[in-house]
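Student: Per our numbering, the sequence shown starts with residue 539, numbered consecutively.
Ideal Cβ positions, reconstructed from N, Cα and C, are used throughout, including at glycine.
Being a predicted model, the structure only gives us computed values, none of them experimental.
Here you go, one structure.
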Amino acid sequence: MKNSFLLLLLIGFQVTAYAQDVAPGEAEFLKLKEKYDQLMEEWWQQEEGIEDKELRQQHFEQSYPAHVMTEPFFELEANYRGTNVGLSCLHQLISAVGAISPQDDPANRAAQRALQLVSEHYLDHPDVELILSWIVGRDIDGCDEVLQKLAKSPHRKFQGQARIVMAQQCKSDIFDVATRQALLELMGDDAEFEERRSALAEYQQRKAGLNLEARRQEALALLDEVDAQYADINMPRRTPYGPMLIGKPDPEVDQILNYPRGTLGTASKSLRSALVDFGIGRTPPDFAAIDVNGIPRRLHDYRGKVLVLMFSFKGCGPCEAMYPHLRELLTKYSPDQFAILGIMRDEEIEPVQEAVKDGTMTWPCIHDGPEGPIISRWNVTSFPGIYVLDHKGTIRYMGPREKLLERAIEKTLKSASETQ
539 MKNSFLLLLL IGFQVTAYAQ DVAPGEAEFL KLKEKYDQLM EEWWQQEEGI EDKELRQQHF
599 EQSYPAHVMT EPFFELEANY RGTNVGLSCL HQLISAVGAI SPQDDPANRA AQRALQLVSE
659 HYLDHPDVEL ILSWIVGRDI DGCDEVLQKL AKSPHRKFQG QARIVMAQQC KSDIFDVATR
719 QALLELMGDD AEFEERRSAL AEYQQRKAGL NLEARRQEAL ALLDEVDAQY ADINMPRRTP
779 YGPMLIGKPD PEVDQILNYP RGTLGTASKS LRSALVDFGI GRTPPDFAAI DVNGIPRRLH
839 DYRGKVLVLM FSFKGCGPCE AMYPHLRELL TKYSPDQFAI LGIMRDEEIE PVQEAVKDGT
899 MTWPCIHDGP EGPIISRWNV TSFPGIYVLD HKGTIRYMGP REKLLERAIE KTLKSASETQ
């Protein structure tokens, strides 16, 4: 009885101490986070039970948390403007936008408003860099204004980080226009891809007047500035998806925030390589490495075959979801015409060796590591990274999955047979 009383007393003390340690705005944010996380869990459970395509779209538009919970975050930001709580609200609204998101999507519209507020009230906030990784590759109006202002910041760190992100945006434009056009061609008129095709077509229309070579030169000029003035600065910190309270210790969040980022100089070298040597229609330089079974591999050894180059790692859900289909593809096509080569970013080699040994991956795999020379030179920043190379070693497709990957392989094989 005495021990139970002491335990209750200790728990009560811990709860009281925690309550005293949470400021009013922080407590309100944590309540919003709890509600958002609960709605997201409920949304996924309901989504899995909806088979009708139109009903799924209706469910997404009307119930997706990033659509229905925008105003509470804006209201809380207004009440605590300029603080960690305010920036936490805007970080959530910006990070909720998908990579392919139409401009009229509620989450995209909310992110546009959030970026405007960042531009007006948070450019001097010490943690403003936390939104930068969520800008790259997102088609959100307002990104350029924030980056241009940060590039003129009195803070040298923000000047450099803004420049590297601006260069990354240029690269995204260059690669995405070609990549998405190729994906649209693979989709054809297939009704299965109607929604995605519409989003891709809207993006292509918005970028129709873009001078891609001018964007390439703009990126290279920005990288020259980074190399000359900001090479020693660290890359912007990355954050997890979902609501997070900026400035508040959290073991899971801190693990991501404190993950080694490398310098702007290192990132510049990788980005410059991608701009010069990679992209659809380009023939990347050779590389040589030993696979996890001790066999030497060279990229150029695959000339004469269609090659799927797969950048992956253990624990990457979308990567591992592709493995069964990749195994099927290896049995469907002749090994004289088709091959897969895995480039793994795992920190340790043992998980890769185990996955190859147990048949999870039935293709050769090279352990490159998180900052390995192949991943760095190819500037692979998201996973899975998928490249389809033709028999001459030229990149023909980037990013196709499942049915689109199979179509990409078949089109590339057909093209090879017609030219031989």
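Per the contact definition of three or more C-beta pairs closer than 8 angstroms, is the segment 663–671 in contact with the segment 683–701?
Tutor: As far as the Cβ criterion goes, the segment 683–701 touches the segment 663–671, which means the pair count is three or higher.
Student: Is there at least one non-hydrogen atom of the ligand SAH closer than 8 angstroms to the beta-carbon of H629?
Tutor: Ligands displayed in this structure: none; no statement on the ligand SAH is therefore possible.
Student: Tell me which same chain residues have a C-beta within less than 6 angstroms of the C-beta of G923, skipping the five on either side of it?
Tutor: Taking the sequence shown and counting its residues from 1, the one referred to as residue 923 is at position 385. Taken in chain order, the residues that qualify are F849.
Student: Could you check what DSSP says for L809 in three-state terms: helix, strand or coil?
Tutor: For the purposes of this step, residue 809 is taken as residue 271 along the sequence shown, with counting starting at 1. In this structure, L809 counts as helix in the three-state DSSP scheme.
Student: Of the choices P603, D874, H597 and N622, whose alpha-carbon is the least far from that of I784?
Tutor: If you number the sequence shown from 1, residue 784 lands on position 246. Out of P603, D874, H597 and N622, N622 has the C-alpha closest to the C-alpha of I784.
Student: If contacts are defined as beta-carbon pairs under 8 angstroms, then M773 and A805 qualify, I think. What distance do you get, rounded to the angstrom?
Tutor: Position 235 of the sequence shown, counted from the start, is the residue given in the question as residue 773. Position 267 of the sequence shown, counted from the start, is the residue given in the question as residue 805. Yes, M773 and A805 are in contact; Cβ-Cβ is about 6 angstroms, under 8 angstroms.
Student: Run through the segment 834–907 for me and flag every whole beta strand (DSSP E) of 3 or more residues, listed as ranges in chain order.
Tutor: Those beta strand (DSSP E) runs which fall completely within the segment 834–907 and span 3+ residues are 834–836, 844–850, 876–882 and 903–905.
Student: What distance in whole Å lies between the Cβ atoms of F612 and R676, which are believed to be in contact at a cut-off of 8 angstroms?
Tutor: Within the sequence shown, the letter at position 138 stands for residue 676. Within the sequence shown, the letter at position 74 stands for residue 612. Incorrect: roughly 19 angstroms between the Cβ atoms, too far for contact.
Student: Cα-Cα, which of C857, A893 and Y935 is closest to G819?
Tutor: Translated into positions along the sequence shown, residue 819 becomes position 281. When only C-alpha atoms are compared, the closest one is Y935.
Student: Pick out whichever of K687, D788 and Y574 has its Cα sitting closest to the Cα of L631.
Tutor: Walking along the sequence shown from the start, residue 631 turns up at place 93. If we check each option's Cα against that of L631, Y574 comes out closest.
Student: Y574 lies in the alpha helix (DSSP H); which residues open and close that run?
Tutor: If you number the sequence shown from 1, residue 574 lands on position 36. Taken as a continuous stretch (DSSP letters only), the alpha helix (DSSP H) holding Y574 covers P562 to E586.
Student: Could you give the DSSP three-state label for L943: helix, strand or coil?
Tutor: Locating residue 943 in the sequence shown gives position 405, counting from the first residue. Correct three-state label for L943: helix.
Student: Does the beta-carbon of N1020 have 16 or more other beta-carbons within 10 angstroms, so that it is buried, or is it exposed?
Tutor: Because residue 1020 is not part of the residues shown, which for the chain are 539 to 958, the question remains open.
Student: Give the straight-line distance between the Cα atoms of S808 and R836, rounded to the nearest whole angstrom.
Tutor: Residue numbering aside, residue 808 sits at position 270 when the sequence shown is read from its first letter. Residue numbering aside, residue 836 sits at position 298 when the sequence shown is read from its first letter. Computed Cα separation, rounded: 20 angstroms.
Student: Return the chain-ordered list of same chain residues with a C-beta closer than 7 angstroms to the C-beta of L748, the five sequence neighbours on each side being excluded.
Tutor: In the sequence shown, the residue the question calls residue 748 occupies position 210. Closer than 7 angstroms at the Cβ level, and outside the excluded window around L748, lie D711 and V715.
Student: Note the first and the last residue of the continuous beta strand (DSSP E) segment covering R934.
Tutor: As a working note, residue 934 is residue 396 in the sequence shown. Segment I933 to M936, the beta strand (DSSP E) holding R934.
Student: For A555, count the other beta carbons within 10 Å of its own beta carbon; 16 or more makes it buried, fewer makes it exposed. Which is it?
Tutor: On the sequence shown, residue 555 is found 17 positions in, with the first residue counted as 1. Note that A555 has pLDDT 37, beneath the 50 cutoff, so the model's placement of it is unreliable and no number is given.
Student: Apart from the five residues just before and just after R718, which ones in its own chain have a Cβ nearer than 7 angstroms to its Cβ?
Tutor: By one-based count along the sequence shown, residue 718 stands at place 180. The answer, listed in chain order, is L738, Y741 and Q742.
Student: Which partner residues of V830 appear in the DSSP bridge assignment?
Tutor: Numbered from 1 along the sequence shown, position 292 holds the residue referred to as residue 830. According to DSSP, which records beta bridges pairwise, V830 is partnered with nothing at all.
Student: What's the call for N831, buried or exposed, on a 16-neighbour Cβ count within 10 Å?
Tutor: What you label residue 831 is simply residue 293 of the sequence shown in a count that begins at 1. By the 10 Å Cβ count, N831 comes out exposed.
Student: Exposed or buried, which one is N646 when buried takes at least 16 other CB atoms within 10 Å?
Tutor: Working through the sequence shown from its first residue, we reach residue 646 at position 108. The residue in question, N646, is buried, as its Cβ has 16 or more Cβ neighbours within 10 Å.
Student: Could you pull the start and end residues of the beta strand (DSSP E) that V926 belongs to?
Tutor: On the sequence shown, position 388 is the one that residue 926 refers to. It spans G923 to L927 - the beta strand (DSSP E) in which V926 sits, taken as one unbroken run.
Student: My parser needs the alpha helix (DSSP H) runs of 4 or more residues fully inside the segment 688–741; what are they?
Tutor: Complete alpha helix (DSSP H) runs here, min 4: 694–725.
Student: Helix, strand or coil, according to DSSP, for N646 in the structure here?
Tutor: Taking the sequence shown and counting its residues from 1, one reaches residue 646 at position 108. N646 falls in the helix class under three-state DSSP.
Student: With burial defined as no fewer than 16 other Cβ atoms inside 10 Å of the residue's Cβ, what is the status of S626: buried or exposed?
Tutor: Counting from one through the sequence shown, the residue named residue 626 turns up at place 88. With 16 or more Cβ atoms within 10 Å of its Cβ, S626 is classed as buried.
Student: For the alpha helix (DSSP H) containing P789, name the first residue and the last one.
Tutor: The sequence position of residue 789 within the sequence shown is 251, counting from 1. Unbroken alpha helix (DSSP H) run through P789: P789 to L795.
Student: Where R939 and V926 are concerned, what is the direct C-alpha to C-alpha distance, given to the nearest angstrom?
Tutor: Mapped onto the sequence shown, residue 939 falls at position 401. Mapped onto the sequence shown, residue 926 falls at position 388. Each residue's Cα considered, the two are about 11 angstroms apart.
Student: Is the CB-CB distance between F825 and P911 below 9 angstroms?
Tutor: As a first step, residue 825 must be located in the sequence shown, where it is residue number 287. As a first step, residue 911 must be located in the sequence shown, where it is residue number 373. Their beta carbons are under 9 angstroms apart, which means F825 touches P911 by this criterion.
Student: Look at the alpha carbon of L570 and the alpha carbon of A729, and state the distance between them as a whole number of angstroms.
Tutor: As a position in the sequence shown, residue 570 is number 32, starting the count at 1. As a position in the sequence shown, residue 729 is number 191, starting the count at 1. L570 and A729: Cα-Cα distance of roughly 38 angstroms.
Student: Identify, in the order they occur along the chain, each residue of the same chain with its Cβ nearer than 6 angstroms to the Cβ of E756, setting aside the five sequence neighbours on each side.
Tutor: Taking the sequence shown and counting its residues from 1, the one referred to as residue 756 is at position 218. Excluding sequence neighbours, E756 sits near C708.
Student: Locate the alpha helix (DSSP H) running through D765, then write down its first and last residues.
Tutor: Here residue 765 refers to the residue found at position 227 of the sequence shown. Run containing D765: none; DSSP gives neither H nor E here.
Student: Give me the Cβ distance between R735 and L722, rounded to the nearest whole Å; I'm assuming they're in contact under 8 angstroms.
Tutor: Stepping through the sequence shown from its first residue, residue 735 is reached at position 197. Stepping through the sequence shown from its first residue, residue 722 is reached at position 184. With 8 angstroms as the limit, R735 and L722 qualify as a contact, their Cβ atoms being about 6 angstroms apart.
Student: L685 to L653, Cα distance in whole Å?
Tutor: On the sequence shown, residue 685 is found 147 positions in, with the first residue counted as 1. On the sequence shown, residue 653 is found 115 positions in, with the first residue counted as 1. So the alpha carbons of these two residues sit roughly 10 angstroms apart.
Student: Taking the DSSP output, what are the residues bridged to N772?
Tutor: Numbered from its first residue, the sequence shown carries residue 772 at position 234. DSSP output for N772 lists T801 as bridge partner(s).
Student: Leaving out five residues on either side along the sequence, give the residues of the same chain with a beta carbon under 7 angstroms from the beta carbon of C903.
Tutor: The residue labelled residue 903 in the question sits at position 365 within the sequence shown. Excluding positions up to five away in sequence, the list reads D829, V830, G880, M882, V890 and V894.
Student: Of the residues E866, D896, Q697 and R810, which one's Cα is nearest the Cα of A759?
Tutor: As a first step, residue 759 is located in the sequence shown; it is residue number 221 there, counting from the start. With distances taken between Cα atoms, A759 lies closest to R810.
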